[in-house]
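Residue numbers (the working numbering), protein chains in the order written: chain A, 12 to 127; chain B, 41 to 149.
One structure is given below, encoded as structure tokens.
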Amino acid sequence: GAVVSQHPSWVICKSGTSVKIECRSLDFQATTMFWYRQFPKQSLMLMATSNEGSKATYEQGVEKDKFLINHASLTLSTLTVTSAHPEDSSFYICSASGSRGVTEAFFGQGTRLTVV
Amino acid sequence: GQNIDQPTEMTATEGAIVQINCTYQTSGFNGLFWYQQHAGEAPTFLSYNVLDGLEEKGRFSSFLSRSKGYSYLLLKELQMKDSASYLCAVGRGGGKLIFGQGTELSVKP
């Protein structure tokens with residue numbers, strides 16, 4: 012299957028700072044990438060959909076100015092959590108789909124963000 | 041709107057069979073996915089159904105009835121390592137997935 016790499020695996024940051032998470036498709040071109048958030052003992056909640064070269068589409072209730080998404084190339088999308096607060100502490104996971112899988116998307120390994 | 045329901049928790053015995061149900065009501069449908077997720081890890085793909093019927097893959101099988109908005113995941117010959125969260129997800133096309141709340145399965149000896 013296709014490989015999606017997410018970095019970092021975990022990060023601890025101070026309240027008020029910004030954190031960038033990268034999602035890379037290693038062996039295919041990802042025309043679309045998705046960002047999910049998962050709180051403890053809850054399921055994955057879709058935050059936004061990003062298409063290469065265009066603005067991301069955010070789900071209802073997700074602040075686009077707080078969660079900045081950039082999809083500048085067919086292999087890289089980034090999620091920046093701006094002015095992070097403790098309530099932003101969560102597990103963030105990306106997935107990517109491309110010409111190899113218009114039905115299926117392939118997940119990165121996730122990033123555990125802790126804001127102190 | 042969209043609504044995907046599955047039981048929150050289930051317990052089963054090692055070696056037994058367990059069925060995890062999922063019902064859905066969504067405004068768009070492009071297949072039904074099942075994923076397994078261990079704590080702190082990314083989901084692992086288990087199965088995909090787009091047509092009605094049963095898909096069998098080793099110890100895991102998945103069933104879909106589109107008219108009833110219903111799917112189930114069947115796990116046979118349960119092993120301790122099958123203890124995990126099982127996520128039902130509706131595909132919305134192009135790789136977009138809407139997940140249910142997940143079922144935490146505990147396998148006991």
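Yeah, the Cβ is synthetic: ideal placement off N, Cα and C, and Gly gets one too.
Everything numeric in this text was worked out from a predicted model, so none of it was measured.
Query, Result
"Any 3 or more C-beta pairs closer than 8 Å across the region 43-61 of chain A and the region 132-145 of chain B", "yes"
"Limits of the beta strand (DSSP E) - the one that residue 142 (chain B) falls within", "Per DSSP, residue 142 (chain B) belongs to no beta strand (DSSP E) and is neither H nor E."
"Endpoints, beta strand (DSSP E) assigned at residue 49 (chain A)", "41-49"
"Beta-carbon proximity of residue 124 (chain B) to residue 78 (chain B), cut-off 8 Å", "yes"
"Counterpart residues of residue 127 (chain B) in DSSP-defined beta bridges", "B:75"
"CB contact below 8 Å: residue 141 (chain B) versus chain A", "yes"
"Beta-carbon proximity list for residue 133 (chain B), same chain, < 6 Å, skipping 5 on both sides", "70"
"CB-CB length for residue 82 (chain B) against residue 118 (chain A), believed under 8 Å", "4 Å"
"beta-carbon residue 98 (chain B) near the ligand GDP non-hydrogen atom, thresh 7 Å", "In the structure shown, the ligand GDP is absent, as is every other ligand, since no ligand is present at all."
"Residue from A:35, A:88, A:76 and A:36 with nearest C-alpha to residue 29 (chain A)", "A:76"
"Nearest to residue 119 (chain B) (by Cα), restricted to the options B:57, B:112 and B:137", "B:57"
"Distance CB(residue 109 (chain A))-CB(residue 42 (chain A)) smaller than 8 Å", "yes"
"Classification of residue 89 (chain A) by the beta-carbon crowding that lies within 10 angstroms, buried from 16 upward", "buried"
"For residue 109 (chain B) and residue 75 (chain B), believed in contact at Cβ under 8 Å, the rounded distance", "Contact flag wrong, Cβ pair sits at about 19 Å."
"Residue nearest to residue 46 (chain B) in terms of C-alpha spacing, selected from B:111, B:80 and B:146", "B:111"
"Span of the beta strand (DSSP E) around residue 120 (chain A)", "Careful: residue 120 (chain A) lies outside any beta strand (DSSP E) and carries neither H nor E."
"Euclidean distance between Cα positions of residue 31 (chain A) and residue 54 (chain B)", "42 Å"
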